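Chains as they are written, first to last, in our numbering: chain A, 1363 to 1476; chain B, 358 to 470. Where is the CB? At the ideal position from N, CA and C, for every residue including glycine. Please read these numbers as outputs of a predicted model, since none were measured by experiment. Single-structure report; data block below.
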Amino acid sequence: AQSVAQPEDQVNVAEGNPLTVKCTYSVSGNPYLFWYVQYPNRGLQFLLKYITGDNLVKGSYGFEAEFNKSQTSFHLKKPSALVSDSALYFCAVRSNSGNTPLVFGKGTRLSVIA
Amino acid sequence: DGGITQSPKYLFRKEGQNVTLSCEQNLNHDAMYWYRQDPGQGLRLIYYSQIVNDFQKGDIAEGYSVSREKKESFPLTVTSAQKNPTAFYLCASSIEGKRGEQYFGPGTRLTVT
């Protein structure tokens, strides 16, 4: 079975400070990992994904994520937060074996305070 | 949101009525998905389809039905059997295969009273 945990419902950070949104996963086989962002009353927007290769993945809007196989984690990071980064962030995973769809975490609400 | 349209944006229905939510994509994607989003519960998969004329139940399919007669379209019917239908519904599509990310529509907010 596949699962994703986002341990923090809410993350608060001051504008200009680095931000981290945490994600851990469980899959059989190797993971394909994704991050999405959702603004109020909108659909989800794709930020970045890890499929294979370099553990540090760079994505849209200055975000990046680091795949850590030993810790089964895929934390989202940004060196300097903007107020406009305030949104709901979702981590998702699927296994590279079988044919199951993406499984999403429950989401983490990020608030960037000016 | 580009490439996937959902209509309407807001939908209001009386309890006991069936309602159909529209989802259309022009991305030539093989796979399409329906999710339900409730506050604090993330996204829960209702149904998905990896090819025309075929679909599979997700985690919370009870009270819902779908069809996939065309590659571009994947309508979701919320039936009167769905006990708590008020929610935000999201449609998504992706290229076939595990590596592709999903692209989401703007969502339909359904309120049943």
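Checklist line | residue 361 (chain B): first and last residue of the uninterrupted beta strand (DSSP E) it sits in | finding: 361-364
Next item on the list: Could you name the residues of chain A that residue 381 (chain B) contacts, counting a contact when the two beta carbons are closer than 8 Å?
Entry: Neighbours of residue 381 (chain B) on chain A: none; closest Cβ ~14 Å, over 8 Å.
Checklist line | Amino acids of chain A, ordered along the chain, whose beta-carbon sits closer than 8 Å to that of residue 378 (chain B) | finding: Result: empty, since nearest Cβ-Cβ is about 13 Å, beyond 8 Å.
Check: Can the beta-carbon of residue 458 (chain B) be found closer than 7 Å to that of residue 1396 (chain A)?
Finding: yes
Check: Relative to the alpha-carbon of residue 401 (chain B), which residue among B:409, B:414 and B:407 has its alpha-carbon at the smallest distance?
Finding: B:414
Note to self: Counting only C-beta atoms, is residue 396 (chain B) closer than 7 Å to chain A at any point?
What the structure shows: no
Margin query: Quick check on DSSP: helix, strand or coil for residue 1447 (chain A)?
Written below: helix
Next item on the list: Would you please verify whether the beta carbon of residue 1413 (chain A) is less than 7 Å from any beta carbon of chain B?
Entry: yes
Notebook entry, point to check: If you run the structure through DSSP and keep just helix, strand and coil, what is residue 358 (chain B)?
Noted result: Since pLDDT at residue 358 (chain B) reaches only 48, below the 50 mark, its modelled position is unreliable, and the value read off the structure follows with that caveat. Coil at residue 358 (chain B), not helix or strand.
Next item on the list: Could you check the C-alpha separation between residue 1440 (chain A) and residue 394 (chain B) for me, to the nearest Å?
Entry: 26 Å
Check: Name the chain A residues whose beta carbon is nearer than 7 Å to that of residue 420 (chain B)?
Finding: By Cβ distance, chain A contributes nothing, its closest Cβ being about 19 Å from residue 420 (chain B), past 7 Å.
Item checked: Euclidean distance between Cα positions of residue 461 (chain B) and residue 1468 (chain A) -> 17 Å
Notebook entry, point to check: Whose C-beta lies closer than 6 Å to the C-beta of residue 1475 (chain A) among residues of the same chain, with five residues either side of it excluded?
Noted result: 1376
Next item on the list: Note down, in chain order, each residue of its chain lying with its Cβ closer than 6 Å to the Cβ of residue 1399 (chain A), except the 5 sequence neighbours on either side.
Entry: 1407, 1409, 1449 and 1451
Next item on the list: Rounded to whole angstroms, what's the CA-CA distance from residue 390 (chain B) to residue 1404 (chain A)? Just pull it up for me.
Entry: 16 Å
Next item on the list: Quick one: grab the DSSP three-state call for residue 379 (chain B).
Entry: strand
Checklist line | beta strand (DSSP E) segment containing residue 1373 (chain A), residue limits | finding: 1372-1376
Next item on the list: Report the three-state DSSP secondary structure of residue 1423 (chain A) (helix, strand or coil).
Entry: helix
Notebook entry, point to check: Among all the DSSP beta bridges, which residues are the ones paired with residue 414 (chain B)?
Noted result: B:404
Check: residue 1366 (chain A) to residue 1393 (chain A), Cα distance in whole Å?
Finding: 11 Å
Notebook entry, point to check: Candidates A:1420, A:1437 and A:1381: which alpha carbon is nearest residue 1455 (chain A)'s?
Noted result: A:1437
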